[in-house]
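Under our numbering, the sequence shown is numbered contiguously, ending at residue 149.
From the three backbone atoms N, C-alpha and C, an ideal C-beta is built for every residue, glycine too.
Report on the structure given below.
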Amino acid sequence: MSQTITIDGFNLTAQQVVDVARAPHLPVTLADSSRAALKESRDYIESTWMHDEAPMMYSFNTGVGLLKDTRIKVEHIELFQTQLIKAHCAGIGEPFSEEVSRATMLLRANAFASNYSAPRVEVVDRLLAFLNAGIHPIMPQKGSVGASGDLAP
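Dropping the structure here:
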């Protein structure tokens, strides 16, 4: 087993997922190439879409689902995102195991590292910091999965 797993969105193996899921102190880092690509994409998003005069772009400056045609002003984006998270943070049933929770966090961070959804680098860093510290969510086994890949199972 390697001393450190480096994710880039493309080369994570099934064995590495198992290793990280089962070894809470196996460190995971973000590849420098992914870090640079994420920053470049996010800078573009911030300059192009994150101001009130920008064309409407789904989920960057609009609501989601039925609110897809509703513009969210820049001054309200943080509140909207907080409310969106709260609206999706429910589930029922027995929690998944710690291993499943850790694997899910790693897979989500790795998907973000691919840069297809251009999250802020800080989002990936925070996921990895929690993973590396052995901090993970309690994930109920029943809930809602949105088409965009929400973490609520």
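Check whether residue i and residue j have beta carbons under 7 angstroms apart
i      : j      : result
Thr25  : Thr9   : no
Gly5   : Ser30  : yes
His132 : Ser97  : yes
Thr44  : Met52  : no
Thr0   : Pro23  : yes
Phe92  : Met135 : yes
Beta-ladder partner(s) of residue i, from DSSP
i      : result
Lys138 : Ile88
Arg67  : Thr58
Leu26  : Ile3
Cβ distance (whole Å) where residue i is taken to contact residue j below 8 angstroms
i      : j     : result
Ala33  : Ala99 : In fact, because the Cβ distance is near 24 angstroms, the residues do not count as touching under 8 angstroms.
Val70  : Asp48 : 6 angstroms
Met101 : Leu75 : Contact flag wrong, Cβ pair sits at about 26 angstroms.
Proximity test, Cβ basis, 7 angstroms: residue i and chain C
i      : result
Leu127 : Although the question refers to chain C, the structure presented lacks it and comprises just one protein chain.
Closer than 6 angstroms: residue i CB and nearest the ligand SAH heavy atom
i     : result
Ala27 : In the structure shown, the ligand SAH is absent, as is every other ligand, since no ligand is present at all.
*Pairing CB atoms from the segment 113 to 128 with CB atoms from the segment 83 to 97, are three or more of them under 8 angstroms?*
no
*May I ask you to verify whether the segment 120 to 135 touches the segment 94 to 112, counting CB pairs closer than 8 angstroms and requiring at least 3?*
yes
*In chain order, which beta strand (DSSP E) runs of at least 3 residues are fully inside the segment 94 to 143?*
136 to 138
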